[in-house]
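See below for the structure under consideration.
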Amino acid sequence: MADASYPEDLLYHAEHDWARIDGDVATLGITWYAQDALGELVFFDPPEVGTSVTRDEPYAEVESVKAVSDVIAPLSGEIVEVNAALADSPETINEDAYGEGWLVKVHLSEPAERDGLLSQADYVATLSQ
Amino acid sequence: MTLANANRLHADPGVEREPLHHDVPAASSAESPLQRERATTIFEQGAPGRRAFTCPEMDVPVVDDLLPERFRRAQPARLPEVSEPELVRHYVRLSKRNYDLDSGFYPLGSCTMKHNPRLHEKVAALAGHARLHPLQRPEHAQGALELMHDLEHALGEVAGLPHVSLQPSAGSHGELLGVLLTRAYHESRGERRVKVLTPDTAHGTNPATVTMAGFEVVRVATNAQGGVDVDDLRAKADDQVACLMLTNPNTLGIFDANIEEIAKIVHGVGGTLYYDGANLNAVMGISRPGDMGFDIVHYNLHKTFTQPHGGGGPGSGPIAVSDRLAPFLPKPIVVKGEDGGFSFDHDRPDSVGRLRGFQGNYGCFVRAYAYICSLGAEGLKDASQTAVLNANYLLAKLRELDTEGRIPLAFGELCMHEFVLSGAPMKKELGIRTLDLAKRLLDHGYHPPTVYFPLLVDEALLMEPTETETKETLDAFAESMAAILAEAAEDPTVAQNAPYTTPVRRLDEAGAAKRPVIRQPL
Amino acid sequence: MSRYTATTEADLAAMLETIGVSSLDELFDRQIPERVRLRERLDLPEGRSEQDVYAHLRDLAARNTSAEDELTFLGAGMYDHYVPAVVDMLMSRSEFLTPYTPYQPEISQGGLQVMFEYQTAISELTGLAVSNASVYEGPSAVAAAGYLAKLTNGKGRFVASAGLHPHSLETLRTYAHGYDVEVVEVPLRDGVTDADAWAAAIDDDTSAVFFAQPNFLGAVEDAEALAAAAKDSPAVVVAQVDPITLGVLKPPGECGVDVAVGEGQSLGQRLDFGGPSFGFFAATEAYLRRMPGRIAGETTDVDGRRGFVLTLQTREQHIRREKATSNICTAQALNALGGVVYLSWLGKEGLAELGELLVQRTHYARETLAALDGVEKLHEQPVVREFALRLGVRDVDAVVRRCQEQGVNPGLALTEPHPSGLLVALTEQRTKADIDRLAEVLGAAVAAERAGAPQEVAA
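Chains as they are written, first to last, in this note's numbering: chain A, 1 to 129; chain B, 130 to 651; chain C, 652 to 1110.
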C-alpha cells in the first residue's frame, strides 16, 4: 500500500490494530502504520479457532524479515475464524491491510469495550506524537 | 566504471583507485565474471562413481551379520560424488565469492575485526596441540594445562578479576554461564531473584540469555549522554534484581562515567554486575572491569584476542569472576600443584556443572595465548590506545567531510573504540537510508559498518575500525563515505539500487523467509 | 607501535590534530574517570618476537603426548580420525578463515553457500528435513534440543538415558536448571537403555526424551523402540548421534526421532584438546521455526541470479531477543565448512565403506582383546566403532599407565558405574597391526597388574 490510509468506518487501538464490528463479531487486523514499520511481512502465526483473546493482550505474531511484532487484541472474545490465505501470502497484509489482509474474526465477549477504542481521527492524532 | 573495477571485489586502499563516483553509471549493463558465474552447489557437481577418498584396505577377516538388519541403513546418504580436483575447484571458486578481513577493511561495530596473525595458525597446527586428545591424562598434557593456566592468569589480569573459566564456546555462551553463576550465587544465599536488568542498548544475546537462565528481562533507560539513566536504575533496582548486565564502553562507544555509582546501586541491593566483554578492546591496560566494580566479565577471544572469525565461528567466551562467585564456576578447573605440575580439579561441589563437553575451544586458547605472548603488557595497552585513536580519527575525518551533517554522531563528542552515526538526516534530506549507504559501500570495496544497531539510534551506523588499520585506510574509507553522500545528493537511485559489482546484487530476503529452501532437494 | 599496529609519529601528530586533542592521553582523560583508570602496568611479561613465541608454543606442545606420539585407542566423544589435506587447506584460506558472519549477503555468497551445502549434507546424513548451520559442539547441542522442547510444549521433565555421554548429561542438567526442567536418568541394562525403565519414566509431563546412538559404551541402541515408547506422550524425541556411524546405521529420521544432534568432530576436525569442533542440529519440518542457530536459505537477486541469505532470522537473538529460540550468535561456521568438505571428500560410497571398515575392525579388536586373560566384554551388544571391556584388576588407571609407557593408549578408564571398565575406540587410522600391538601391550599390562608387579618409574 503506497499511501497511509486509515478508513473512517473502523475503530482503532493505540498499538496499531483496527477492528470492524458487525453485530457481536469483530474483524481484526493491523493498521497501515504497523505494516509500514515492519516491512514486507513473511509470516503470520495465527491462534487456533476457539482460543480466547483479551483486550490489550497479544494474541498472535507477525514477522517481517528483520522484525517480529506482537499483535494486540483491541477487544476481548473468542476466535471464530482465521484468515487462512495469509499462510501462503502474508504480504497481503501489506497490500490490503484493512481488506484481504484481515487477521482474525472474534465473537465479542464484552461488546462495551468498543467504547474504549479510538476513532480514526484520534488514532491518526497519536501517530504524529 | 570500467570492467576492471567491476571485477575487483576487494579494493586495496593503498593502491590508487579510480574515483568511482564519477564513472559509475546508475546500472551497469556489463556483468563481472563472478556475476556471470551462476552458483552451483557441490551436489550439482560430479557424477556417480567419482570419489576423492580411498578407503584403507580391509585387513581383518570379514564377518557377516555383525549388525542386525533392522539397525542398518538401507539407502546411503546422497552425499556428493566428486573427485579431489573437482572438490578443490568447487570450494576455491566459492571462496572467491566472499569478502574477508585479510582482503579488506571491516569496520563492524562491536565485532572488533582486527588482523588475524598467521603465527597463530602455525602454532595451533603443531601436533602437540592439534592432535592432543581432550581426555589425555593430565601428566601427558602438561603443556596444554600450563597454557590454559597462563592464559587464565593473563585474562584475569586484563579484567582485574582473579578466577577464570575458559569453558564457554562463545560470547553468548559465556553470558549464559554468567547468568547461571548469578543464579547459583543467589540460591546459595537462599534467594530466588527473578529479574535481570539490561540497558536498552544491549546486544540481542543479553535478553535471550536471560530467558534461557530462567529470569525476566527489565530494561533500563539510556540518558542523553548515552550512558545508563542512573535515576531509572535506582528506581528499578530492588531485592528482586539478580544482576545488571552492561558493557562499558557500551554499544554507543561511550564510556559510562557513572560506572561506580551504578555498581554501588546494584551491589547495594545485593545484585551482581555482569560485564559483556564485547568492547574490551577499548580498555586493555587502561581500565579494568574488576576495578569498575564488575563481578563477572566475559571475553570474546574471537574479537579482542584475534581468533579468526571463520565466517561465524569458532569463537571462545571465557569468563572471569570475583571471589564470591568463584565456587560456582563450571568444572573442571585447571589447578597448579605444589610440585608445579598441572591437573584438572573435578571436585567442585558448588559448581553449576558443565556448559559443554571437555574443557572448551583449546584451539582458540592457543591462538589467544600466542597473541598475548607476542604483545605483552605494553602491547595490549598500545592495541587499545590505538583502537581508540583510530576510532576518534575516523569519526573526526567523517565529520570533516560530512559538511552538511547528513550522518551526525548520535551521542557525545569523543568516542572510545567505536561510534554510532545516525543516518536519519541523510534519509530525510537525500532520500537514501543507512541500508542503501551500506550497499553502495560494497561497490567501493568495503564491508559496511554494523547497520541498524543499537536499536536506540534511528538509521544507526556503528563503526569500529580497530587498531590494526592504517591511517591511509581510514582516510580512503572516509572519502568513499563522502563520495556516496555526494552522489546521493545528485541521484539517490544509484545507492538505492546498489550494489552493482558484487557477485550477486540485492537478494530477496522476504522470499527466502516466506518459502524457506534450506537444503538442496535431491 | 605494537606488533600489529602501524601508527608512526607523523601519523599520530596528524591524527591528534584532526581529532582536536593535544595528546593520546587526553582521549582517555576526558572519557574515563580517574578512579577507574589503571595506572600500573598489567602483571604480564613483555611482548616477544614471533620466533620466540613460536619456540615457546613449540616447547609447550612438546610436553603433550598427542596422537602423533602414541598409538591411541582413546575415544569417548572425540576420535583420532584422519583429517584430509584438502580440509586443512580450505579451512586456512583467507576467504573462509577471516570473514565475519554473513550479514551482507552480496559479498558473502561463499560462506552462505557453504552453509546451505552443509545443511543439505546433515539433512541427508540424519534423514531429517531441516538442519541449521551448526551449533558449538555435542553436549551443548543436546541441551539446546532440550530448550527447543521446553519452548514447544512447556512440560516439566526430561527423560535421559544413562547411555548419553556423561558430558551431555551434565550439560543438560546445568541448562535445565536454568529453565526449570527436571532431568530423570534411566539406567542401562546389558549395555543399552533399559527398555522397561525407559517406558515407565515417560509420562504426560515429559518434555523430551534423550538417548545416544551409539551410546557411551559403544552399543547400538534400538532407536526405533526408544522413540516409539514416547509416541503417546508430548515428548520431543532427541537422539545424540555419532555422525561417522551414519554410513552403516539407520538414520535417526527413519527411527522416529524428532531432533538429531551430535558432535561433529569425527567429520574432518582436529582433536585440539577438545575444541573447536562443531555440533550439528537437525529436526523434522515441524520444528523449523523453533530451531536454534543460523540457517541459510536459497533465493534470487534483483537480476534473477541464484543466491543464498541467512533466513528465518526472526528466531534468533538479534531480533527476537528474550523470546529467541536460543542465545547463540557466533557458532562454528569454519568447522562446519570442514565438515561438509570432509563429507564431500568421503562421498556417498566412501561414508558407507568407512563405516563397514570400522564395524569389521571394531569387531576384530573386541574379539581379540576379550580373548586376553583378565579381559572380558562389558556388554555383548552390537557395536560400530567403540566398545567397553571389563578388566580383572583393581586399578584400571594403572593398566592404562603401563600401556602408555609402551607407547600405546588403550582407551578410557571408566568410572562408576563401571569402575573396572575400559572404553576402546577405533578409527580408520588404527590398522589390524595396530590392534594386534594393542592386544600385546594390554595383555601384558593386565597380567603385570594382576601379578602385582611394580610399575616402571616413568622416565
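For each residue, glycine too, the CB sits at the ideal point set by N, CA and C.
query	result
To test your reading of the DSSP string, which unbroken alpha helix (DSSP H) runs of 4 or more residues are found completely within the region 520-585 of chain B?	553-559 and 563-572
When you compare only the Cα positions, how much space is there between Q891/C and L839/C?	16 Å
In the DSSP assignment, the beta strand (DSSP E) including H130/A goes from what residue to what residue?	The structure shown has nothing for residue 130/A, since chain A only spans 1 to 129.
Where does the unbroken alpha helix (DSSP H) through D22/A begin, and where does it stop?	First-last for D22/A: D17 to D22, but that is the beta strand (DSSP E), not the alpha helix (DSSP H).
Between T749/C, E701/C and V781/C, which lies nearest to N436/B when the distance is taken from Cα to Cα?	For the record, residue 436/B in the displayed sequence is Gln; it is not Asn. Measuring from the Cα of Q436/B, the nearest candidate turns out to be T749/C.
Taking just the CA atoms, how far does S513/B sit from T656/C?	10 Å
At which residues does the beta strand (DSSP E) containing H13/A begin and terminate?	L11 to H13
Determine the closest residue to A911/C out of G778/C, L1074/C and R686/C, with distance taken between C-alpha atoms.	G778/C
Check each candidate in A1095/C, T1082/C and V1075/C and name the one with the smallest Cα separation from L264/B.	V1075/C
Look at the alpha carbon of G1072/C and the alpha carbon of M729/C, and state the distance between them as a whole number of angstroms.	18 Å
Which residues bound the beta strand (DSSP E) around L402/B?	T401 to D405
Please list, in chain order, the chain A residues whose beta carbon lies closer than 8 Å to that of R971/C.	V68
Taking 9 Å as the threshold (beta carbon to beta carbon), is N352/B in contact with chain C?	no
Can you name the residues of chain A whose CB is closer than 9 Å to the CB of T965/C?	V42, F43, E61, E63, S64, V65, K66, A67 and V68
I'd like to check one pair, L566/B with L614/B: are the Cβ atoms closer than 9 Å?	yes
Give me the residue from A386/B, A256/B and E304/B with the minimum Cα distance to L711/C.	A256/B
Which residues mark the beginning and the end of the alpha helix (DSSP H) in which C1054/C is found?	V1047 to E1056
DSSP three-state label for A1099/C, please.	helix
What does the alpha-carbon distance come out to for the pair A661/C and K600/B?	10 Å
For S812/C, which residues does DSSP report across the bridge?	V837/C
Report the partner residues of S673/C according to the DSSP bridge assignment.	Partner(s): none; S673/C has no beta bridge.
Between the alpha carbons of P753/C and E697/C, how many angstroms are there, rounded?	37 Å
What does the alpha-carbon distance come out to for the pair F959/C and V49/A?	36 Å
Would L823/C be called buried (16 or more neighbouring beta carbons within 10 Å of its own) or exposed?	buried
If the cut is a Cβ gap below 7 Å, which residues of chain B does P90/A touch?	K643
Report all residues from its chain with a CB closer than 6 Å to the CB of I415/B; omit the five preceding and five following residues, and keep chain order.	S513
Mapping the DSSP letters down to three states, classify I773/C as helix, strand or coil.	helix
Taking the beta carbon of A706/C as the centre, do at least 16 other beta carbons fall within 10 Å, making it buried, or is it exposed?	exposed
Taking its Cβ as the centre, do 16 or more other Cβ atoms sit within 10 Å of K882/C, making it buried, or is it exposed?	exposed
Which two residues bound the contiguous alpha helix (DSSP H) that contains L985/C?	A984 to A1021
Helix or strand or just coil, what does DSSP make of S743/C?	coil
Take V62/A as the anchor and find which of D36/A, A121/A and S119/A has the nearest alpha-carbon.	D36/A
Mind listing which residues of the region 294-325 of chain B have their C-beta closer than 7 Å to chain A's C-betas, in chain order?	none
Determine, using beta carbons only, whether G39/A comes closer than 9 Å to chain B.	yes
Within the chosen definition, does the region 801-809 of chain C reach the region 1013-1027 of chain C through at least 3 CB pairs nearer than 8 Å?	no
Along the chain, where does the alpha helix (DSSP H) containing M652/C start, and where does it finish?	Here M652/C belongs to no alpha helix (DSSP H), and DSSP marks it neither H nor E.
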